[in-house]
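Residue numbers for the sequence shown follow the numbering used here, so the first one is 1495 and each next one is one higher. Cβ coordinates follow ideal geometry from the N, Cα and C atoms, glycine included. Below is one structure, written out as structure tokens; comments come after it.
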Amino acid sequence: MDNKKLAEIIYGLAQYEGYNTSFLQTQKNLSSQPEKWEFANENDYYIFEDLLKAIQYASKQDKVSVDVIKAINAQMDSGKAGQPEKPGTLRHNVEISVGDYIPPLTVTEAMVQREIDSVTHTDIASGWELYAKLAKLQAFDNGNKRTSLIAANLLTGALNKGTDNYLIIPTDFRRSQFDTNLVYYYVADDWDDHLPDVEESLHQFVKFATELSFSQKQSQPRNKFEERLKKAEAAKKELTPGQGEFKTKGHKL
1495 MDNKKLAEII YGLAQYEGYN TSFLQTQKNL SSQPEKWEFA NENDYYIFED
1545 LLKAIQYASK QDKVSVDVIK AINAQMDSGK AGQPEKPGTL RHNVEISVGD
1595 YIPPLTVTEA MVQREIDSVT HTDIASGWEL YAKLAKLQAF DNGNKRTSLI
1645 AANLLTGALN KGTDNYLIIP TDFRRSQFDT NLVYYYVADD WDDHLPDVEE
1695 SLHQFVKFAT ELSFSQKQSQ PRNKFEERLK KAEAAKKELT PGQGEFKTKG
1745 HKL
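Here it is, written out as structure tokens:
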């Protein structure tokens, strides 16, 4: 699997959890043994590790299923802040909210299966459709966007079949529009004239996200940014002892 694409998936998702480690260091960690990983802080280590475990699990699966989705979430088992309290367990009589959106109190396997069955293709647009539907369902007590995006990348074959149909959360100025479109879909209600239409809001999210994915394929927006990061990494090596980043295992700052 392309390490840069994998880093982009992890980096984009991790931003939802306050991840502070640079993209370049995230990519570097993927090419290093765990004892050589470096992060801006300890929490970043657990965010990265849980996401990597979930992606590695998904990459070994043949297709998306209810059991696979539950198992993806189950990999996020560090128990740290922002991670699932009951990894891999569908919510049962557990109230959560996402802004103004309040999902069902209980999510059953049949409800998850319904969303899987509603997506009949494996192209990029279908991947984003599955992502939106699973994210809106909020099947777990935490880690829902992470679980949904990993499952969507499995659907498109990016994780297990070597396709180039990667779905990556934007980390630039387009992130706000991406999130806004998703929230509109969350709160959509066909029975309330004051709220967006369900099908139309889903269409708008998928359209924007799909166009974003194709623009990511056609351009290399990170090049200049990466050059600056490389210079920063080089400068960091000149720091006096004790000023480096968090390192795993020894937990040295």
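What is the DSSP secondary structure of residue i, counted as helix, strand or coil?
| i | result |
| --- | --- |
| E1511 | helix |
| E1532 | strand |
| Y1505 | helix |
| S1526 | coil |
| K1498 | helix |
| E1609 | helix |
| L1546 | helix |
| S1591 | coil |
| N1636 | coil |
| E1603 | helix |
| Q1555 | coil |
| Q1577 | coil |
| L1584 | coil |
| Y1539 | helix |
| N1647 | helix |
| T1520 | helix |
| T1641 | helix |
Excluding the five sequence neighbours on either side, which residues of its own chain have a C-beta within less than 6 Å of the C-beta of residue i, listed in chain order?
| i | result |
| --- | --- |
| A1703 | W1622 |
| G1506 | I1662, I1663 and T1665 |
| L1676 | F1699 |
| Q1607 | V1560 |
| A1646 | G1621, L1624, Y1625 and L1661 |
| L1584 | V1601 and A1633 |
| Y1513 | D1538 and I1541 |
Residue i lies in the alpha helix (DSSP H); which residues open and close that run?
| i | result |
| --- | --- |
| F1702 | V1692 to Q1712 |
| A1626 | I1618 to L1631 |
| I1596 | Unbroken run through I1596: none, as it is neither H nor E. |
| V1677 | R1669 to V1681 |
| V1560 | V1560 to A1568 |
Under the assumption that residue i contacts residue j (Cβ atoms under 8 Å), give the Cβ distance between them as a whole number of angstroms.
| i | j | result |
| --- | --- | --- |
| D1686 | V1692 | At roughly 10 Å, the Cβ-Cβ gap does not stay under 8 Å, so D1686 and V1692 are not in contact. |
| D1635 | E1543 | Contact flag wrong, Cβ pair sits at about 19 Å. |
| A1619 | V1562 | Incorrect: roughly 21 Å between the Cβ atoms, too far for contact. |
| I1503 | I1549 | 7 Å |
| K1574 | N1537 | 6 Å |
| Y1595 | Y1680 | 4 Å |
Residues in its own chain within less than 7 Å of residue i by CB, not counting five upstream and five downstream?
| i | result |
| --- | --- |
| A1682 | L1689, P1690, D1691, V1692 and S1695 |
| A1565 | Y1551 and G1582 |
| K1657 | A small correction: the amino acid at residue 1657 is Thr; Lys does not occupy that position in the sequence shown. These residues qualify, in order along the chain: T1650 and G1651. |
| L1524 | N1497, L1500 and A1501 |
| G1637 | N1567, M1570, Q1577 and P1578 |
| R1668 | L1706 |
| S1612 | K1627 |
Spatial neighbours of residue i within its chain, please: CB distance less than 8 Å, with the 5 preceding and 5 following residues excluded, ordered by chain position.
| i | result |
| --- | --- |
| N1654 | A1552, S1553, K1554, Q1555, D1556 and L1648 |
| K1498 | Q1521 |
| M1605 | P1598, L1631 and A1633 |
| D1617 | T1650 and N1659 |
Comparing the CB of residue i with every heavy atom of the ligand ZN, is any distance shorter than 6 Å?
| i | result |
| --- | --- |
| E1511 | As for the ligand ZN, it is missing from this structure, which has no ligand bound. |
>> Using a Cβ distance threshold of 8 Å, determine whether the region 1566-1575 contacts the region 1630-1643, with at least three qualifying pairs required.
In response: yes
> Between the region 1530-1548 and the region 1504-1519, do three or more beta carbon pairs fall short of 8 Å?
Replying inline: yes
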